[in-house]
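Chains as they are written, first to last, in the working numbering: chain A, 1 to 281; chain B, 282 to 598. Here a beta-carbon is modelled for each residue, glycine too, at the ideal position from N, C-alpha and C.
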Ligand SMILES: Cc1ncc(C[n+]2csc(CCOP(=O)(O)OP(=O)(O)O)c2C)c(N)n1
């Protein structure tokens with residue numbers, strides 16, 4: 001269950017590529033939900049680089065695992081991942097948010113190949129993800145459902161309706177991730193409506209709950225495998241992350257939810273990522 | 282016709298006006314659901330920290346709490362994008378607010394295509410319909426900052442719930458400073474005898490432009506800014522229908538259940554005349570710039586001119 005060193009490096013490399021592709025995608029536009037896109041990159045790398053079963057040439061293949069990106073505003077990071085994995089041409093990333101695009105700012109199952117669920121109104125992916133997991137179970141299928149929540153999103157009542165139901169439903173084909181980057185739109189979660197002991201909350205709702213470093217691909221991978229081994233329980237993995245992670249102009253900034261940026265800022269951020277690998281541009 | 286754009290965004294004109302009222306009226310309370318930076322309610326929080334609540338991302342709870350605050354005499358104003366304030370919290374608005382007779386003021390920002398780059402999921406094209414269908418609810422779409430400043434004290438003073446549909450951005454200037462407005466009374470912006478264009482929100486400047494274009498062809502279009510969609514100014518509408526004999530409505534909303542429907546309800550009963558509706562033709566929203574989306578959905582002066590000619594054809598046949 002341990003991730004081998006080479007695999008780890010491969011996934012870290014994929015994470016870097018996803019970050020760069022996301023930055024290029026945003027760069028064409030000059031603004032976007034950068035913070036929450038950057039914080040889920042390692043998760044996407046582990047899911048699409050190793051864990052999930054999918055066929056890029058057949059996005060709705062019925063043997064696939066599902067991703068429900070409930071924090072739908074992070075769509076651009078998912079699009080970058082899907083483009084890198086061959087669901088659609090890389091060039092399409094340039095069309096983000098342009099009139100007529102198939103890449104809208106919030107994830108849309110009817111527009112983008114590889115996007116499994118429509119999200120954008122926070123909280124709703126919790127329930128649609130539960131429905132997908134329940135339906136797959138009814139059909140006796142072994143597809144997994146991976147469901148990504150934001151921490152600000154966890155202030156929605158709908159999350160806790162789903163948590164109660166999901167805990168009782170014991171869906172061992174469901175793994176929920178909370179991108180616990182400690183920030184929401186108006187700043188720090190702790191200054192607005194704190195979540196308290198998040199892990200304990202999920203546990204009292206009956207979930208198998210784990211907490212890992214959400215920027216460590218090995219920890220994410222190992223937590224997913226542990227979750228998959230648990231039978232008769234729905235699983236949640238709390239990812240401790242940093243909003244804006246790996247983006248020079250966004251990381252560590254209080255208001256980095258939706259930002260405007262220049263081409264130069266994007267270029268510098270990409271150069272920094274490439275430099276971090278040792279082969280400076 | 283060239284309009285000048287206000288240097289002040291409507292969200293700022295709004296919050297400045299609300300803070301002025303709040304200076305005098307300690308009962309005014311602001312609630313927002315993690316969009317304080319987007320809605321400028323952050324300014325209110327800084328000035329009146331004890332009277333501003335950022336609930337976080339939880340709209341249904343916000344509306345319910347606002348109803349409770351109203352029950353103990355507060356004058357709560359709730360804020361978030363219109364798709365979340367009107368759509369997501371509709372049951373709370375219906376029962377805890379309206380049915381329970383608790384006069385919450387609901388401020389929904391980014392209506393219709395002004396949700397632009399947030400895309401289809403965030404594009405309320407049905408909010409007027411939802412809210413208009415709730416007894417006692419007043420529905421207002423302020424068109425510019427002069428109007429916003431003028432009507433806000435009236436809104437705050439009402440003992441019934443109000444829905445304010447607010448374009449956050451810098452609006453086109455329509456009215457001269459000092460213009461007076463009464464909630465429930467439409468404003469005639471231009472006279473004409475051949476047809477009447479009834480418009481709200483960002484379609485008002487389009488309507489004025491259309492009227493100008495029609496004038497060049499010798500067609501006289503009256504333009505009414507029906508900023509109160511409910512209760513609608515039936516008297517003004519009936520008079521316009523009697524005097525011009527043809528009506529075009531124009532709105533940044535689905536043609537079903539919005540301004541066009543409200544106008545048709547009045548006229549079909551009291552003075553039926555040929556009518557056409559400019560608006561989104563029962564489609565979901567999409568992502569893109571406001572300009573792109575106005576073209577895409579036909580929310581333009583050209584579309585109004587076209588419908589004006591169609592309605593005149595029917596009137597004269
Ligand atoms: C129901 C709903 N309310 C409000 C919004 C507007 N909104 C988009 S993202 C966001 C903040 C979300 O914070 P969080 O879940 O922590 O996301 P992250 O920090 O990971 O980007 C808000 C308020 C929304 N999309 N949906």
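> Can you tell me where the beta strand (DSSP E) with residue 532 of chain B in it begins and where it stops?
Replying inline: 528-535 is the span of the beta strand (DSSP E), which, as asked, contains residue 532 of chain B.
> If the cut is a Cβ gap below 8 Å, which residues of chain A does residue 569 of chain B touch?
Replying inline: Correct list: 97, 98, 99, 100 and 101.
>> Suppose the cutoff is 7 Å on Cβ atoms and the five residues either side in sequence are ignored; what does the same chain contact list for residue 290 of chain B look like?
In response: Once the five neighbours on either side are set aside, the close Cβ partners of residue 290 of chain B are 449, 450 and 451.
> Of the residues B/472, B/524 and B/543, which one's Cα is nearest the Cα of residue 505 of chain B?
Replying inline: In terms of CA proximity to residue 505 of chain B, B/472 leads the group B/472, B/524 and B/543.
> Which chain A residues sit within Cβ distance under 8 Å of residue 400 of chain B?
Replying inline: Counting only Cβ-Cβ distances below 8 Å, residue 400 of chain B has contacts in chain A at 97, 104, 105, 106, 108 and 120, in chain order.
>> If the cut-off is 7 Å on Cβ atoms, which residues from the stretch 135-164 of chain A count as contacting chain B, listed in chain order?
In response: So the list reads 152, 153, 155, 156 and 157, given in the order they occur along the chain.
>> Give me, in chain order, the residues of the same chain whose beta-carbon lies closer than 7 Å to that of residue 106 of chain A; leave out the 5 immediate sequence neighbours on both sides.
In response: Cβ contact annotation for residue 106 of chain A (same chain, cutoff 7 Å, sequence separation greater than five): 72, 73, 75, 119 and 120, in chain order.
>> Which residue marks the beginning of the alpha helix (DSSP H) containing residue 434 of chain B, and which one marks its end?
In response: Its alpha helix (DSSP H) spans residues 426-438.
>> Can you look up residue 597 of chain B in the DSSP assignment and give me helix, strand or coil?
In response: In the structure shown, residue 597 of chain B sits in a helix (DSSP, three-state: H, G or I).
> Thinking C-alpha only, which one of B/427, B/478 and B/561 is nearest residue 524 of chain B?
Replying inline: Out of B/427, B/478 and B/561, the CA that lies nearest to the CA of residue 524 of chain B is found in B/478.
>> What would DSSP say about residue 286 of chain A, mapped onto helix, strand or coil?
In response: Since the displayed chain A opens at 1 and closes at 281, residue 286 of chain A lies outside it and no answer follows.
> So does residue 316 of chain B have its beta carbon nearer than 7 Å to some heavy atom of ligand 1?
Replying inline: Residue 316 of chain B Cβ: within cutoff of ligand 1.
> Is residue 324 of chain B helix, strand or coil when you go by DSSP?
Replying inline: Helix.
> Can you find at least 3 beta carbon pairs, one from the stretch 327-338 of chain B and one from the stretch 149-164 of chain A, that sit closer than 8 Å?
Replying inline: Under the 8 Å Cβ criterion, the stretch 327-338 of chain B counts as touching the stretch 149-164 of chain A, having at least three qualifying pairs.
> Are the stretch 436-450 of chain B and the stretch 136-143 of chain A in contact at 8 Å, needing three or more beta carbon pairs?
Replying inline: Taking one beta carbon from each stretch, the stretch 436-450 of chain B and the stretch 136-143 of chain A have fewer than 3 pairs nearer than 8 Å; the two do not touch.
> Using the C-alpha atoms, what's the distance from residue 269 of chain A back to residue 249 of chain A?
Replying inline: For residue 249 of chain A and residue 269 of chain A, the gap between their C-alpha atoms comes out near 7 Å.
> Is the beta carbon of residue 39 of chain A within less than 7 Å of some heavy atom of ligand 1?
Replying inline: Indeed, a heavy atom of ligand 1 lies less than 7 Å from the Cβ.
> Taking only beta-carbon atoms, is residue 338 of chain B less than 8 Å away from chain A?
Replying inline: Yes, residue 338 of chain B lies at the interface with chain A (some Cβ there is under 8 Å from its Cβ).
> Thinking C-alpha only, which one of B/315, B/305, B/306 and B/284 is nearest residue 190 of chain A?
Replying inline: The candidate whose alpha carbon is nearest that of residue 190 of chain A is B/315.
> When the distance is taken between beta carbons, is residue 446 of chain B closer than 8 Å to residue 483 of chain B?
Replying inline: For residue 483 of chain B and residue 446 of chain B, no; Cβs fall outside 8 Å.
> Residues of chain A with CB under 7 Å from residue 335 of chain B, in chain order?
Replying inline: Those are 186 and 192, listed as they occur along chain A.
> Is residue 416 of chain B helix, strand or coil by DSSP?
Replying inline: In the structure shown, the three-state DSSP call for residue 416 of chain B is coil.
> Using a Cβ-Cβ cut-off of 7 Å (strictly less than) and excluding sequence neighbours within five positions of residue 342 of chain B, which residues of its own chain qualify?
Replying inline: For residue 342 of chain B, where only same-chain residues beyond five positions count, the Cβ hits under 7 Å are 336.
>> Can you tell me whether residue 250 of chain A sits near ligand 3, meaning its C-beta is under 7 Å from at least one heavy atom of the ligand?
In response: Within the structure as shown, ligand 3 is missing, the only ligands being ligand 1.
>> For residue 554 of chain B and residue 486 of chain B, I'd like the C-alpha separation in whole angstroms.
In response: Across the structure, residue 554 of chain B and residue 486 of chain B are spaced so that their CA atoms are roughly 24 Å apart.
> So with Cβ pairs under 8 Å, would you call residue 533 of chain B a contact of chain A?
Replying inline: Taking Cβ atoms only, chain A never reaches closer than 8 Å to residue 533 of chain B, which makes this a no.
> Does residue 72 of chain A come within less than 8 Å of chain B when only Cβ atoms are used?
Replying inline: Interface flag for residue 72 of chain A against chain B is set, since a Cβ pair is found closer than 8 Å.
>> Just to check my reading of the structure: residue 217 of chain A and residue 45 of chain A have Cβ atoms closer than 8 Å, yes? What is that Cβ distance to the nearest angstrom?
In response: In this structure, residue 217 of chain A and residue 45 of chain A form a Cβ contact; the two beta carbons are roughly 6 Å apart against a cut-off of 8 Å.
> If you drop the 5 nearest sequence neighbours on each side, which residues of the same chain put their C-beta closer than 6 Å to that of residue 297 of chain A?
Replying inline: Limits of chain A in this structure are 1 at one end and 281 at the other, which puts residue 297 of chain A out of reach.
> Under the rule that 16 or more other beta-carbon atoms within 10 Å means buried, what is residue 330 of chain B, buried or exposed?
Replying inline: Residue 330 of chain B should be labelled exposed.
> Does the stretch 76-83 of chain A come close enough to the stretch 220-230 of chain A to have 3 or more Cβ pairs within less than 8 Å?
Replying inline: Short answer: they don't touch.
>> Using only CA atoms, which one of B/374, B/431, B/333 and B/325 lies nearest to residue 458 of chain B?
In response: When only C-alpha atoms are compared, the closest one is B/431.
> Any heavy atom of ligand 1 closer than 7 Å to the Cβ of residue 460 of chain B?
Replying inline: False, no ligand heavy atom lies under 7 Å from that Cβ.
> Looking at C-beta atoms only, is the number of pairs between the stretch 225-238 of chain A and the stretch 170-181 of chain A that lie closer than 8 Å three or more?
Replying inline: Yes, they touch.
> Any heavy atom of ligand 1 within a distance shorter than 7 Å of the CB on residue 121 of chain A?
Replying inline: At least one heavy atom of ligand 1 is nearer than 7 Å to the Cβ of residue 121 of chain A, so yes.
>> Determine, for residue 249 of chain A, whether the minimum Cβ-Cβ distance to residues of chain B falls below 8 Å.
In response: For residue 249 of chain A, the answer is no, since every Cβ of chain B falls outside 8 Å of its Cβ.
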